[in-house]
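Trainee: Residue numbers (the UniProt record's numbering): 1 to 643.
Glycine residues also receive a C-beta, built at the ideal position from the N, C-alpha and C atoms.
Note that this is a predicted model, so its numbers are computed, not measured.
The following block contains the structure:
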């Protein structure tokens, strides 16, 4: 019995050669497609004017689909003969199977309308349906993504575009000039010459820009050149200006009996108000903000009863200095440019009618500008400059720098700085006449790193300019100083800037703080950034050094979306499985072997001995009606009514 049964190995292979070749061709197209996708994944866009890589993938996908569809269609056609040789079936099933081999609609009929558990046939019908999705899936296989390709640039010798920025090594702009010369009272043989500084105009503009603009705006003015709108640089270090801020609100203390001092400041009359009418909030260094008790944001004749004059209500007072010893929290900064403490109404909580002095919400803050070494990360993205700066904490002031250059015997005694001021960078009309060595910042623990320096006249020029810009003599008169000394400890600094409802003194203080601009730290950040930009654009010889980065050019790259190829692999595997099942299903005992007729029309005519059941039917509908009512067995060549 076993010798009379064909196994797939003994099947008529010649009858299946075209289907097998089609499956092999489909597999080859699939493998070539996988290789192409793998090779070009991550590569730059295929550079050809005549053909695109997507077109190649589409051709391979179509070739795979065509070969696979041919093979599956022929295999489905064979199942007409397999099923009808197994047992009697409704003749309509023959038509459904034949239609399924021709397209998706017939495949749907086979899947949902044929009776019996003919899973191989349903597998073939499902494969026909799945091949419909191969084309849209193949279009998703290859995507384009944009990446930036960077090219390192160098010193421009041949007019090639470069990514350029600069770092500052020294700052020597400005000048020192004699202001007045008078005979010395301590040494008749010498004259006392006071000094004044001439700060370079670009640095003046940088300071003013920092006060008038935000830090984000200032960053867009960094000394950067990027010809491609996309550039980046390695980290680099530069001489710069840093800022630091401390919240001093918890340090405020109430001090009474400021009525006399208030009157002296408000209108020069210390007798107008009783001492008990005034109250001040005071910081540890003696900086204070005072007002009359009972005054609201704007004083009136009735709040309190104050006579014929309407006093000011001070919203803010400030004290600025270049001497760390006079600050509250900046004593350890030995490269200090300017420290400024401010006591001010809390604009977020203030109500113009509800609060009265001294029960108004107050804040106090101290910010400082100082020379430092910055590490800068710079890049340009879509023509927008992004710079991230951090202070190098290891870079400190060289203790041997900033020393007096000449013997002090060459100067009048009035020009020789006291011992306790030798370390400060603050400008003084008398002491700044004595020339000093450059201020030097260095990495003490790493001698291989470069040093950075600032000339004495540049240091004093910045100090004098900021002092004259942001401070004025408000509480410095002899009588006023004495009145303050009666209320506060020795050395109280008072204040040298103020803001009221109608004005600020001096006027630029308004740009550091006002009710609508309460972010003092943001202002100092902007000024520090602007001054650093200026240091990096100095025109002095050897003051700056070019830093060359990379220009970026957008390029398109292929990215293979491997998930979309799963359908191709699935239908190819299903086609191979369907071929194996069909070949095995056609292998029957030799005396009742199933002919491999597949979709042959001649085979259909050959099997038409059962066509008598359709005699008398003139239309397709009539034939379908008769076919539903008869069963046909091609093996026994007889008909019978369906069960």
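List in chain order: all unbroken alpha helix (DSSP H) runs of 4+ residues lying wholly within the stretch 99 to 140.
Mentor: With a minimum length of 4 residues, the continuous alpha helix (DSSP H) runs that stay inside the stretch 99 to 140 are 104 to 113, 119 to 131, 134 to 139.
Trainee: Pull up the CB-CB distance for residue 339 and residue 364, whole angstroms please, since I reckon it's below 8 Å.
Mentor: Residue mapping note: residue 339 aligns to position 339 of the chain shown, counting from 1. Residue mapping note: residue 364 aligns to position 364 of the chain shown, counting from 1. Going by Cβ atoms, the distance from residue 339 to residue 364 rounds to 13 Å, so no, they are not a contact pair.
Trainee: Determine the closest residue to residue 173 out of 413, 197, 349, with distance taken between C-alpha atoms.
Mentor: Reading the chain shown from its first residue, position 173 is the one you call residue 173. Of 413, 197, 349, the residue nearest in Cα terms is 197.
Trainee: What first and last residue would you give for the beta strand (DSSP E) that runs through residue 245?
Mentor: The residue given as residue 245 occupies position 245 in the chain shown. 236 to 247 is the extent of the beta strand (DSSP E) around residue 245.
Trainee: Select from 319, 277, 401 the residue whose C-alpha is nearest the C-alpha of residue 311.
Mentor: Counting from one through the chain shown, the residue named residue 311 turns up at place 311. Comparing Cα positions, the closest option is 277.
Trainee: Tell me, to the nearest whole angstrom, how far the beta carbon of residue 239 is from that of residue 535; I am working on the premise that it is less than 8 Å.
Mentor: By 1-based counting over the chain shown, the position of residue 239 is 239. By 1-based counting over the chain shown, the position of residue 535 is 535. Residue 239 to residue 535, Cβ: 5 Å. Contact.
Trainee: Would a C-beta distance cut-off of 8 Å place residue 628 and residue 45 closer than the cut-off?
Mentor: The sequence position of residue 628 within the chain shown is 628, counting from 1. The sequence position of residue 45 within the chain shown is 45, counting from 1. Cβ atoms of residue 628 and residue 45: not closer than 8 Å.
Trainee: How would you call residue 349, buried or exposed, if buried means at least 16 neighbouring beta carbons within 10 angstroms?
Mentor: For the purposes of this step, residue 349 is identified with residue 349 of the chain shown, where counting begins at 1. With fewer than 16 other Cβ atoms within 10 Å, it is exposed.
Trainee: Grab the span of the beta strand (DSSP E) containing residue 82 for me, first residue to last.
Mentor: Taking the chain shown and counting its residues from 1, one reaches residue 82 at position 82. Per DSSP, residue 82 belongs to no beta strand (DSSP E); it is in the alpha helix (DSSP H), 53 to 86.
Trainee: So is residue 200 buried or exposed if we call it buried at 16+ other beta carbons inside 10 Å?
Mentor: Here residue 200 corresponds to residue number 200 of the chain shown, with the count starting at 1. Residue 200 should be labelled buried.
Trainee: Is residue 19 buried or exposed, if buried means 16 or more other CB atoms sit within 10 Å of its CB?
Mentor: As a working note, residue 19 is residue 19 in the chain shown. Buried, because 16 or more other Cβ atoms sit within 10 Å of the Cβ of residue 19.
Trainee: Does the Cβ of residue 419 have 16 or more other Cβ atoms within 10 Å, making it buried, or fewer, making it exposed?
Mentor: For the purposes of this step, residue 419 is taken as residue 419 along the chain shown, with counting starting at 1. With fewer than 16 Cβ atoms within 10 Å of its Cβ, residue 419 is classed as exposed.
Trainee: Give me, in chain order, the residues of the same chain whose beta-carbon lies closer than 6 Å to that of residue 308; leave out the 5 immediate sequence neighbours on both sides.
Mentor: Taking the chain shown and counting its residues from 1, the one referred to as residue 308 is at position 308. Low confidence applies here, because residue 308 scores a pLDDT of 47, under 50, leaving its location unreliable; read the following figure in that light. Around residue 308: no qualifying Cβ.
Trainee: Any idea if residue 205 is buried or exposed, counting beta-carbon neighbours within 10 angstroms, 16 or more meaning buried?
Mentor: One-based indexing of the chain shown puts residue 205 at position 205. Under this definition residue 205 is an exposed residue.
Trainee: Quick check on residue 566: buried or exposed, where buried means 16 or more other Cβ atoms within 10 Å of its Cβ?
Mentor: Locating residue 566 in the chain shown gives position 566, counting from the first residue. That one is exposed.
Trainee: Consult DSSP for residue 565 and reduce its assignment to one of helix, strand or coil.
Mentor: Position 565 of the chain shown, counted from the start, is the residue given in the question as residue 565. Of the three classes helix, strand and coil, the one that applies to residue 565 here is helix, per DSSP.
Trainee: Residue 188: buried (16+ other C-beta within 10 angstroms of its C-beta) or exposed?
Mentor: Locating residue 188 in the chain shown gives position 188, where the first residue counts as 1. So residue 188 counts as exposed.
Trainee: From residue 488 to residue 378, what does the alpha carbon distance come to, in whole angstroms?
Mentor: By one-based count along the chain shown, residue 488 stands at place 488. By one-based count along the chain shown, residue 378 stands at place 378. Taking the straight line from one Cα to the other gives about 49 Å.
Trainee: To the nearest angstrom, how far is it from the Cα of residue 234 to the Cα of residue 462?
Mentor: Locating residue 234 in the chain shown gives position 234, counting from the first residue. Locating residue 462 in the chain shown gives position 462, counting from the first residue. Their Cα atoms are separated by approximately 30 Å.
Trainee: Helix, strand or coil for residue 338 per DSSP?
Mentor: Translated into the one-based positions of the chain shown, residue 338 becomes position 338. Strand.
Trainee: DSSP three-state call for residue 510: helix, strand or coil?
Mentor: To locate residue 510, count along the chain shown from 1; it is residue 510. Helix.
Trainee: In the DSSP assignment, what are the bridge partners of residue 175?
Mentor: The residue labelled residue 175 in the question sits at position 175 within the chain shown. Answer is 198.
Trainee: Report yes or no: do three or more beta-carbon pairs, one from the stretch 162 to 171 and one from the stretch 545 to 552, lie closer than 8 Å?
Mentor: Because the criterion of three Cβ pairs below 8 Å is met, the stretch 162 to 171 and the stretch 545 to 552 touch.
Trainee: Could you work out which residue in 41, 259, 272, 76 is closest to residue 583 when comparing CA atoms only?
Mentor: As a position in the chain shown, residue 583 is number 583, starting the count at 1. Per the Cα distances, 76.
Trainee: Residue 71 and residue 29 look like a contact to me (Cβ under 8 Å); what is the Cβ gap, rounded to whole Å?
Mentor: Here residue 71 refers to the residue found at position 71 of the chain shown. Here residue 29 refers to the residue found at position 29 of the chain shown. Wrong, their Cβ atoms sit about 12 Å apart, outside the cutoff.
Trainee: Drop a sphere of 10 angstroms on the beta-carbon of residue 301, count the other beta-carbons inside from all chains shown, and report buried for 16 or more, exposed for fewer.
Mentor: Locating residue 301 in the chain shown gives position 301, where the first residue counts as 1. Residue confidence is low: residue 301 scores 43 on pLDDT, short of 50, so the model does not pin down where it sits. Its coordinate-derived value is still stated next. Exposed: under 16 other Cβ atoms inside 10 Å.
Trainee: Do you know offhand how far residue 382's Cα is from residue 220's?
Mentor: In the chain shown, the residue the question calls residue 382 occupies position 382. In the chain shown, the residue the question calls residue 220 occupies position 220. Whole-angstrom Cα-Cα distance: 12 Å.
Trainee: Give me, in chain order, the residues of the same chain whose beta-carbon lies closer than 8 Å to that of residue 557; leave out the 5 immediate sequence neighbours on both sides.
Mentor: What you label residue 557 is simply residue 557 of the chain shown in a count that begins at 1. Hits under 8 Å: 42, 43, 44, 45, 144, 145, 146, 147.
Trainee: Skipping 5 residues on each side, what residues in its chain have a beta carbon closer than 8 Å to that of residue 465?
Mentor: Position 465 of the chain shown, counted from the start, is the residue given in the question as residue 465. Same-chain partners within the cutoff: 197, 199, 203, 204, 207.
Trainee: Do the stretch 88 to 103 and the stretch 47 to 56 meet, that is, are 3 or more Cβ pairs less than 8 Å apart?
Mentor: Flag = no, the stretch 88 to 103 and the stretch 47 to 56 do not touch.
Trainee: Rounded to a whole number of angstroms, what is the C-alpha to C-alpha distance between residue 102 and residue 555?
Mentor: One-based indexing of the chain shown puts residue 102 at position 102. One-based indexing of the chain shown puts residue 555 at position 555. Taking the straight line from one Cα to the other gives about 45 Å.
Trainee: Short of 8 Å in beta carbon distance, which residues of its chain neighbour residue 314, apart from the five on each side in sequence? Order them along the chain.
Mentor: What you label residue 314 is simply residue 314 of the chain shown in a count that begins at 1. Excluding sequence neighbours, residue 314 sits near 289, 290, 291, 498, 499, 500.
Trainee: Give every residue of the same chain whose Cβ lies closer than 6 Å to the Cβ of residue 450, excluding the five residues on either side of it in the sequence, and list them in chain order.
Mentor: Numbered from its first residue, the chain shown carries residue 450 at position 450. So the list is empty, once near-sequence residues are dropped.
Trainee: With 16 other CB atoms within 10 Å as the buried threshold, where does residue 366 fall?
Mentor: The sequence position of residue 366 within the chain shown is 366, counting from 1. Residue 366 comes out buried.
Trainee: Is the stretch 121 to 137 close to the stretch 499 to 517, with three or more CB pairs under 8 Å?
Mentor: Counting Cβ pairs under 8 Å, fewer than three are found: no touch.
Trainee: To the nearest angstrom, report how far apart residue 81 and residue 569 are at their CA atoms.
Mentor: Here residue 81 corresponds to residue number 81 of the chain shown, with the count starting at 1. Here residue 569 corresponds to residue number 569 of the chain shown, with the count starting at 1. Cα-Cα distance, rounded: 29 Å.
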